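If you're matching them up, the sequences are chains E and A in order.
Per the working numbering, the first sequence starts with residue 25, numbered consecutively.
Per the working numbering, the second sequence starts with residue 9, numbered consecutively.
The C-beta atom is built at its ideal place from N, Cα and C for all residues, glycine as well.
Predicted, not measured: the structure shown is a model, and the values here were computed from it.
Data block below; observations after.
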Amino acid sequence: MLTKSGKLDRRALCTAVLSDRGDMLVIAGLGAPAWDITAVGDCAENLPLWGGMGGAAMMGLGLALAQPSRTVLVITGDGEMLMGLGALATIAVSRTPNLSILVQDNEHYGETGMQETATKHGVDLVGMARAAGFPHTMLVTTPDEIPALRAAIHAKNGPLFAVAKIDAGTLPLVLPPREGAYLQARMREAVLGKAAHTA
Amino acid sequence: MQQDTIEQRPDAAADWPDQIYDLLKLHNIRQVALVPDAGHSRLIKRCIADNTMKVVTLTTEEEGVAMMAGAWLGGDRSVLLMQSSGVGNCINMLTLSSIHRTPMPMIVTMRGDFGEFNPAQIAMGNATQAVLEAMGTLVKRADTPEDVAPTVDATLRMAFNTFRPTATLLGQRLLGAKTFGKD
Chain E
25 MLTKSGKLDR RALCTAVLSD RGDMLVIAGL GAPAWDITAV GDCAENLPLW
75 GGMGGAAMMG LGLALAQPSR TVLVITGDGE MLMGLGALAT IAVSRTPNLS
125 ILVQDNEHYG ETGMQETATK HGVDLVGMAR AAGFPHTMLV TTPDEIPALR
175 AAIHAKNGPL FAVAKIDAGT LPLVLPPREG AYLQARMREA VLGKAAHTA
Chain A
9 MQQDTIEQRP DAAADWPDQI YDLLKLHNIR QVALVPDAGH SRLIKRCIAD
59 NTMKVVTLTT EEEGVAMMAG AWLGGDRSVL LMQSSGVGNC INMLTLSSIH
109 RTPMPMIVTM RGDFGEFNPA QIAMGNATQA VLEAMGTLVK RADTPEDVAP
159 TVDATLRMAF NTFRPTATLL GQRLLGAKTF GKD
């Protein structure tokens with residue numbers, strides 16, 4: 025699971041986090057996190073984003089508030105999270121226990137030519153989340169920390185904010201469906217049943 | 009002097025904020041995302057006092073657009089309350105509604121709109137309707153107390169019946185004079 029760089033392989037991380045996922049609903053930020061969750065296995069309980077950069081965590085908050093009994097996980101990149109840092113304050117204050125945010129931090133903007141992000145230069149997202157008041161934060165750098173990450177996501181005593189340092193290598197594209205109305209409707213049906221379409 | 013006040017809020021006798029609250033209840037709004045505005049202060053108090061509504065104070069308005077997308081994914085109806093200057097913060101995030109066809113009703117108190125005192129409010133106030141419409145939002149205005157309830161009702165109905173962003177702009181003519189702290 026560790027790559028030659030000594031950092032985690034993003035797909036192996038996603039595979040481990042999404043194994044035995046139970047009733048978990050997953051939102052993935054645009055770009056590589058969306059390809060990653062799709063590589064693990066596309067399903068109705070996944071909402072891979074094609075846009076809305078900076079909004080993944082807040083989408084997770086709306087979903088977690090609407091479905092308080094279900095585990096909600098946002099998987100996103102460091103660039104996407106950096107664009108919406110105010111959400112750390114909003115979500116920490118909300119004290120939404122069933123919401124977890126996992127930042128796959130490769131310290132680069134992967135979709136635009138691998139330019140460096142602020143995390144490459146020392147910006148500490150875990151420290152920012154802790155300072156915002158997240159009751160649970162984690163920094164994951166080795167495979168043996170992943171079981172604890174999985175346990176924390178499923179514990180639903182969050183909100184949880186975790187950063188996993190991942191290898192910056194580019195992996196083969198595994199694209200999810202591009203029709204957003206379909207992606208939204210299939211998750212609504214998975215959550216609400218057929219009534220989703222007549223509400 | 010009343011037109012020159014920094015912040016304006018409805019005078020205590022005006023009941024249109026309560027009418028908006030009643031409409032939020034009628035349309036089963038469960039999540040209220042907001043950046044505070046003086047014009048919304050009474051409505052915000054009503055929402056916070058209602059334990060069936062999940063009220064989230066945002067750090068910037070675009071968070072509320074994303075939150076509405078997540079709320080709808082999970083089956084909750086939501087609304088975004090903000091001032092016209094906040095509309096500018098929302099523009100790219102409204103893409104989420106266009107991608108997924110998500111209902112996103114917004115209730116916007118206007119500044120820079122009618123008799124504005126603060127030059128900083130003019131540019132965004134003057135652009136509010138145009139930029140919302142450029143992103144596909146159905147925009148209706150209410151400039152008198154009698155207009156508020158039917159306009160907000162239409163904004164909520166069109167969002168949830170036709171799956172798109174909609175907005176009511178509450179005009180500065182409506183918002184009334186400063187109340188000197190008496191709300």
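Going by C-alpha positions, A/Phe168 is about 33 Å away from E/Asp102. Pairwise C-beta distances place the segment 59 to 70 of chain E out of contact with the segment 142 to 162 of chain E, as fewer than three of them are shorter than 8 Å.
In this structure the segment 137 to 149 of chain E does not touch the segment 206 to 216 of chain E; the number of beta carbon pairs closer than 8 Å is below three. Note that the C-beta distance between A/Val40 and A/Leu34 is not below 9 Å.
Listed in chain order, the non-local C-beta contacts of E/Ile125 below 6 Å within the same chain comprise Ala81, Val98 and Phe185, local neighbours out to five positions each way being set aside. When secondary structure is reduced to three states using DSSP, E/Gln208 falls in the helix class.
Taking 9 Å as the cut-off, the Cβ atoms of A/Glu141 and A/Val147 count as close. At a C-beta separation below 8 Å, A/Asp84 has these neighbours in chain E: Gly86, Leu89 and Ala90. Contact with chain A is absent for E/Leu42, since none of that chain's Cβ atoms lies less than 9 Å from the residue's Cβ.
For A/Val40, the enclosing beta strand (DSSP E) starts and ends at Ile37 to Leu42. Bridge partners of E/Ala172 according to DSSP: none are assigned. Pairing A/Asn97 with E/Asp44, the inter-Cα distance amounts to about 39 Å. Any Cβ of chain A closer than 9 Å to the Cβ of E/Val64 would place that residue at the interface, and such an atom is absent.
A residue is called buried when at least 16 other Cβ atoms come within 10 angstroms of its Cβ; E/Lys180 meets this threshold and is buried.
At a beta-carbon threshold of 7 Å, the residues of chain E lying near A/Met76 are Gly86, ordered along the chain. In the DSSP assignment, E/Gln128 falls within the beta strand (DSSP E) that extends over Leu123 to Asp129.
In the DSSP assignment, A/Gln91 forms a beta bridge with A/Thr117. For A/Ala79, the residues of chain E that pass the 8 Å Cβ criterion are Gly86, Leu87, Leu89 and Ala90, in the order they occur in the chain.
In this model, E/Leu32 and E/Pro201 are separated by some 27 Å (Cα to Cα).
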